Each structure stands twice: as structure tokens, then as C-alpha cells.
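Working notes, structure below.
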Amino acid sequence: MLSIVRNRTNVVDHWVRALGASSFAMILFIVSGCDSHLAVFVNNAVLKDTSFVIDSDTNLVQNTFNELKWEEVKGASSYDVTIASDTVCKDVIFKKEGLTKPEINLESLAEGDYFFCIYAVIGKNLIPAGNNGLKLTIDKTPPLVTSRLEVQSYSAPFQIELNIEDKSKVKVLWSPESNPSSITISDPTALSPTFSASQTGLYNVSAEFTDEAANKTKQIFQFYWDAGNALAVNPVFTDLPLAGPLLDGYLNAAEHLTTDTIVGTLVASPYTDFKTAVVPVATLCDAAVTYSSTLPLADSSKFVAQGTYRVCVELGNGNSSKTYGSSPTFVYRPNSAMVGAVSLIGSASDGHLTLAEHAASTSLVSVPVTTGTNIVEYAVVASVTSCAGPLSYSTSVPTSDDARFASSGAFKVCARAQDIALNPAAYAESSDLIFSLAAPTITSFVAANSASDGFVKDSEKALTADAWVLTASGYVAEAYSIPLNDASGVAVCNSGSGYGQSSVARIVDITNDGTWAICVRLTDAAGNTTYGKSAAIVRDIIAPTVGYVATETFDTSPPLSGTVSDTT
Numbered sequence: 019m020l021s022i023v024r025n026r027t028n029v030v031d032h033w034v035r036a037l038g039a040s041s042f043a044m045i046l047f048i049v050s051g052c053d054s055h056l057a058v059f060v061n062n063a064v065l066k067d068t069s070f071v072i073d074s075d076t077n078l079v080q081n082t083f084n085e086l087k088w089e090e091v092k093g094a095s096s097y098d099v100t101i102a103s104d105t106v107c108k109d110v111i112f113k114k115e116g117l118t119k120p121e122i123n124l125e126s127l128a129e130g131d132y133f134f135c136i137y138a139v140i141g142k143n144l145i146p147a148g149n150n151g152l153k154l155t156i157d158k159t160p161p162l163v164t165s166r167l168e169v170q171s172y173s174a175p176f177q178i179e180l181n182i183e184d185k186s187k188v189k190v191l192w193s194p195e196s197n198p199s200s201i202t203i204s205d206p207t208a209l210s211p212t213f214s215a216s217q218t219g220l221y222n223v224s225a226e227f228t229d230e231a232a233n234k235t236k237q238i239f240q241f242y243w244d245a246g247n248a249l250a251v252n253p254v255f256t257d258l259p260l261a262g263p264l265l266d267g268y269l270n271a272a273e274h275l276t277t278d279t280i281v282g283t284l285v286a287s288p289y290t291d292f293k294t295a296v297v298p299v300a301t302l303c304d305a306a307v308t309y310s311s312t313l314p315l316a317d318s319s320k321f322v323a324q325g326t327y328r329v330c331v332e333l334g335n336g337n338s339s340k341t342y343g344s345s346p347t348f349v350y351r352p353n354s355a356m357v358g359a360v361s362l363i364g365s366a367s368d369g370h371l372t373l374a375e376h377a378a379s380t381s382l383v384s385v386p387v388t389t390g391t392n393i394v395e396y397a398v399v400a401s402v403t404s405c406a407g408p409l410s411y412s413t414s415v416p417t418s419d420d421a422r423f424a425s426s427g428a429f430k431v432c433a434r435a436q437d438i439a440l441n442p443a444a445y446a447e448s449s450d451l452i453f454s455l456a457a458p459t460i461t462s463f464v465a466a467n468s469a470s471d472g473f474v475k476d477s478e479k480a481l482t483a484d485a486w487v488l489t490a491s492g493y494v495a496e497a498y499s500i501p502l503n504d505a506s507g508v509a510v511c512n513s514g515s516g517y518g519q520s521s522v523a524r525i526v527d528i529t530n531d532g533t534w535a536i537c538v539r540l541t542d543a544a545g546n547t548t549y550g551k552s553a554a555i556v557r558d559i560i561a562p563t564v565g566y567v568a569t570e571t572f573d574t575s576p577p578l579s580g581t582v583s584d585t586t
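For the sequence shown, our numbering gives the first residue as 19, with consecutive numbering after it.
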């Protein structure tokens with residue numbers, strides 16, 4: 019049985035001519051697109067008598083309609099073209115007047131039915147075609163063909179039930195796909211031929227459907243032929259492969275919402291009845307299962323709980339015996355993976371990554387706790403980046419020497435958990451990790467205020483002004499030592515110099531005479547540390563001691579004899 023739905027009658031090639039006297043002038047209109055042509059011929063009397071006609075018993079059909087061209091009409095100053103939805107061109111869809119050239123572009127026309135009228139403007143007269151309102155059909159989509167899903171069994175010549183929907187007439191070409199020598203097709207070009215076979219078995223035939231606009235679609239149809247001597251033979255089940263969303267062996271939540279068929283072509287023989295049932299893997303495929311004659315779909319209500327399933331098959335052959343089989347097993351996983359906290363560890367546990375730590379290769383995070391996960395991947399990104407974005411994830415836990423630490427800033431580690439059924443991924447992220455490419459820089463650390471000359475004298479010893487001034491950059495924290503003995507430059511500034519002071523020592527803090535210096539420790543946001551030593555300051559608050567030797571002499575310029583001493 020065949021059901022065809024269409025809303026117009028069309029052909030691919032169309033020609034038009036005018037009836038008139040033996041001698042005539044010619045106006046030629048050409049519609050270009052899909053090898054279709056429309057020609058209009060007007061006789062010599064057209065200027066006196068407008069009764070020229072477009073002689074056409076069919077409609078024009080094509081899948082594109084780009085440009086309408088015609089030869090120049092002698093005496094015509096311009097041309098008017100109207101495209102409408104009615105035969106008298108009143109319900110205008112598109113109208114163009116005053117065309118100076120015999121052509122117009124109509125590529126914007128969508129799929130549908132149109133009527134068009136053409137006029138030559140000669141003087142003050144519009145010369146219309148006698149049968150203006152010629153129908154134009156644009157058909158851009160292939161035929162839509164539907165039929166029964168389940169495989170039918172026959173023992174006498176039969177027709178395949180089809181429903182065809184298209185804008186134009188449809189042609190078909192049937193071909194055997196399996197055992198061609200055993201299949202008989204009454205008329206391979208008929209829409210509803212009869213089919214038969216010479217041997218019992220399962221057969222496939224294909225049909226290529228082509229509409230008048232050359233749009234095509236191809237479908238495969240399957241039937242079982244019973245030659246009449248197989249009823250006593252029990253069916254033999256071979257295979258029912260998984261198909262559609264189950265090709266990877268998994269059905270996720272999104273796929274469960276579709277109506278896709280989840281099994282492929284049954285491999286079995288001979289049989290007349292074919293039924294299926296979706297069951298948990300622990301269920302036996304036998305007569306106790308409730309079967310259906312329709313093929314199972316991805317949205318089956320049998321998928322209740324997450325787990326492993328299969329499709330049971332029941333085959334019959336017209337006798338009381340049944341044969342049972344099943345598809346390969348597959349996993350229904352509607353629940354997405356879950357991922358726990360991502361914690362910074364090791365050298366990154368303080369939220370900072372120094373240059374020294376970056377030079378090492380230690381793990382940045384611990385492996386997070388996950389549920390329902392097959393794959394955990396990681397990515398190091400700037401702290402403002404969304405972990406759900408298009409990132410370069412890797413299954414390796416990122417390390418402190420990761421190449422993505424290419425600039426100073428705040429970073430984080432993203433974790434993505436994905437299950438094998440490809441449900442939506444779950445994401446988690448670590449706290450921020452601060453990294454800096456450069457340690458703090460000291461520009462100068464010199465004596466200041468009254469000590470700027472490098473000395474503290476008795477009158478200056480009680481001053482509370484800073485003894486030194488630091489000029490530096492790239493740090494967020496500073497710490498200083500107390501004044502250290504720097505006689506002969508012996509003071510060394512390193513991690514063991516003691517940094518218990520939050521500010522530079524004052525002049526009054528230098529309590530003894532001698533040579534003194536202080537140390538500074540600067541730290542940046544990433545924890546990088548720089549140590550520095552100040553310029554030396556000499557404290558000397560005791561005046562020099564002068565000694566002399568007394569002598570008696572009559573010399574008017576006697577030599578002086580004595581000593582001068584000082585502690586510094």
C-alpha cells in the first residue's frame with residue numbers, strides 16, 4: 019500500500035511558446051537553475067494584439083531559482099516582473115518595475131509555490147503574456163519516506179507499505195541489497211511494486227527516491243520470506259547488534275531523552291515473529307519476559323535504575339516453539355560524575371609558589387575524591403578563568419614546574435571528572451596559588467638623617483630618627499635585624515640573621531661605639547625572599563684624649579711633645 023502526500027504537480031524541464039502568425043518576433047525568457055528552462059515566444063502581432071499565450075501543460079519545478087533572463091524585446095523601454103501567491107498576481111510577494119535589462123535575480127525565493135507574470139513596457143502599454151500566472155514550484159528538500167519499523171514475514175507476493183511526503187512528484191528505483199538472485203521485484207521503477215523471493219530467509223531491498231527537483235533520499239527495507247517449508251524449523255538466533263546511542267556500549271542521561279532506536283538489524287533465520295524486551299542483565303531471556311513487537315528506543319521506561327542491561331529477543335516461526343537470544347550488554351548511566359575538593363599540597367600548600375619551588379617538580383594538588391568517575395583531568399589556569407571553559411585538560415596531576423606558570427599572578431588548579439557514558443562533566447577547583455617570576459629588588463640601603471655622613475657622635479646618640487633608609491621594589495612584607503657589629507665588614511645577612519624588627523633601627527638603637535649595620539628581609543606575594551645589608555655607621559661619642567710632656571727651654575719655638583688617643 020502507498021500513500022503519497024504532495025501539494026503540487028511539477029516537472030523538471032519546461033518550455034513555453036506562443037501561437038500566432040507564420041512570421042513572428044521572438045521574446046525569449048530563460049530561467050537558470052538545476053538545468054530547468056522557461057522560454058516565451060511572442061508573435062509579430064503582439065504590439066497590436068496582446069493575445070499571446072504561454073503554452074504549458076505542466077509546472078516548472080527546481081530546487082534553486084536564482085536568475086530570470088530574457089532576450090530584449092524590440093521597442094520595449096523596460097520590463098515589469100511580478101511574483102505572487104495567486105494565479106492573477108494580485109497577492110504580490112515580489113514586484114520589480116522599470117527593469118532596463120532583460121534579467122532579474124530571484125535567489126531569495128524560499129521553498130514553496132509561486133505564480134509569476136511578465137510584462138514588456140512599450141510606450142505607455144504593458145504587454146502581458148496571455149496566460150500570465152504560470153505556476154513555479156521550488157522544492158529544496160528530499161522526499162520524506164516512512165514505513166513500519168518491525169520486520170514483516172511473507173509467503174506470497176506483497177507490497178511494502180510506504181508514506182511519501184514531498185512538494186513534487188517522486189520517482190523511485192528499487193534494488194536488492196542481499197541475495198539479488200533470489201529476490202523478484204515486479205517493477206523496480208514503480209512506487210509500489212510487488213516483492214517475492216525464491217528461498218526462505220531474511221532479505222534487504224533499497225529504494226532511492228528522487229523528486230522532480232532532483233532531491234534524493236535512500237532507505238533500506240527488510241522482510242522475511244517464508245518459502246512454505248520452514249514452519250517446522252525453529253528459528254536460529256545469531257545476533258542483535260547495538261545501534262544508535264548504544265554503539266559505545268553506554269546510555270547517558272541526554273541520550274535517554276531521545277527516541278533513537280538502540281538495536282540494529284537482527285541476524286536470524288528462519289522466523290516469522292520478532293519481538294524484543296529491555297531487561298537488566300541478570301534477567302534471563304525466556305518466556306517469562308514480556309516482549310513487544312516494536313523495536314526498543316533510548317527513552318524506554320524499562321531504564322529505571324543505573325546499571326547494566328541487554329535487549330532480549332523472542333523469535334517465532336508459526337509453530338509453538340520459540341527461540342530466545344539477546345543483544346550484547348550495555349550500561350545505563352544517568353548520573354553524572356561527582357568530584358570533591360581540590361587541595362593544594364607540598365610546596366603549594368601555603369598558597370604561594372616561589373621561584374625555587376617552581377624550579378622543582380612536585381605535585382601541586384592531591385587527587386580529589388570522585389563518585390561515578392572514569393577519568394579525572396587537570397588544568398592550571400589563571401584564578402579568574404572558569405574551569406568549565408575550553409581548557410587544555412590532562413590526566414596528569416600538575417606539578418610546580420608546569421609551563422603555564424609563564425607570568426606573575428594568581429593561579430588555580432581545575433579538576434574535571436568525566437564518566438565513560440559522557441554525561442555532563444563535574445568540576446572543582448583549588449584555592450588561589452600566587453606565583454611571581456621575580457624576587458624583590460633592593461635599590462639602596464644607606465645611612466640616613468643625622469647619620470647620613472656615616473657617623474653618630476655624642477650629640478646625636480639620643481636621636482629617635484631612623485638610622486638607615488631602604489629603597490626597594492617588588493615586595494609585600496619587610497623585616498629587619500637589630501644593629502649588628504660590622505667591624506671590618508664581618509656582618510653577613512642571610513636567613514639566620516634574625517629578623518624580629520618590623521622597621522629600620524633608629525639612631526638611639528645604636529647603643530655602643532663601633533661599626534654597625536642592619537639586615538633586611540623582603541618577601542613578595544609569592545613568597546620569594548631577598549636579603550640585604552645596610553651601609554655601615556660608626557658610633558663614636560667619646561672625644562679624643564690629648565697627652566703632653568712638659569719641658570723647660572729658652573727656645574722661643576720649642577717642639578711640642580705629647581699623644582692623642584681615641585677609641586674609634
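Glycine residues also receive a C-beta, built at the ideal position from the N, C-alpha and C atoms. In this text, all values refer to a predicted model and were calculated from it rather than measured experimentally.
Between the C-alpha atoms of D420 and D450 there is a straight-line separation of about 15 Å. The C-alpha of D291 lies about 11 Å from the C-alpha of Y172. For E226, the uninterrupted beta strand (DSSP E) run begins and ends at G219 to D229, by DSSP.
In the same chain as N150, and ignoring 5 residues on each side of it, the C-beta atoms closer than 6 Å to its own belong to C135, in chain order.
Of the candidates Q240, L540 and S426, the residue whose Cα lies closest to the Cα of G282 is Q240. By a beta-carbon distance limit of 8 Å, R434 does not contact V398. Their separation comes to about 13 Å. Its chain contains Y221 and N222 as the residues whose beta carbon lies nearer than 7 Å to that of S196, once the 5 sequence neighbours on both sides are disregarded; these appear in chain order. In the DSSP annotation of this structure, the continuous segment of the alpha helix (DSSP H) that includes A272 starts and ends at A271 to H274. S171 sits in a strand when the DSSP states are folded into three classes.
In this structure, the CA atom of I182 is about 12 Å from the CA atom of Q237. In the DSSP assignment, L180 falls within the unbroken beta strand (DSSP E) covering L180 to E183. By the neighbour-count criterion, in which 16 or more other beta carbons inside 10 Å mark a residue as buried, K320 falls on the exposed side. Looking from the CA of S367, the closest CA among Y493, Y396, K430 and A480 belongs to K430. Less than 8 Å divides the Cβ of D278 from the Cβ of P263.
If you check the CB distance, T533 and A554 come in under 8 Å. In the displayed model, G130 falls within a strand according to three-state DSSP.
Collapsing the DSSP output to three states places V190 in a strand. Here DSSP, grouped into helix, strand and coil, assigns P198 to helix. Here DSSP, grouped into helix, strand and coil, assigns L451 to strand. Across the set S520, S454, I559 and V322, the C-alpha of S454 shows the shortest separation from the C-alpha of G369.
Between the alpha carbons of D504 and S412 lies a gap of roughly 54 Å. In this structure, V383 places its C-beta atom within 8 Å of the C-beta atom of V360.
Membership of E115 in any alpha helix (DSSP H) is not indicated; the residue belongs instead to the beta strand (DSSP E) covering V110 to L117. With respect to K153, D184 sits apart: the two C-beta atoms are not nearer than 8 Å. A374 sits in a helix when the DSSP states are folded into three classes.
In the DSSP assignment, N441 falls outside any beta strand (DSSP E), carrying neither H nor E. Residue nearest to E230 within the set P211, Q436, G219 and K189 is K189 (criterion: CA-CA distance). The straight-line gap separating the alpha-carbon atoms of V556 and N512 is approximately 22 Å.
For the pair Y517 and S491, the CB atoms are not nearer than the 8 Å cut-off. In the DSSP assignment, T547 falls within the unbroken beta strand (DSSP E) covering T547 to K551. Remark: C-beta atoms of S520 and D437 do not approach each other more closely than 8 Å. If you draw a straight line from the Cα of K293 to the Cα of A271, it comes to about 26 Å. For A366, the secondary structure class from DSSP, reduced to helix, strand or coil, is helix. Just so you know, the alpha carbons of P314 and I280 end up roughly 6 Å apart. Taken in chain order, the complete beta strand (DSSP E) segments of 3 or more residues contained in the region 415-439 are 427-436. Relative to E375, the option among L302, A261 and N546 whose CA is nearest is N546.
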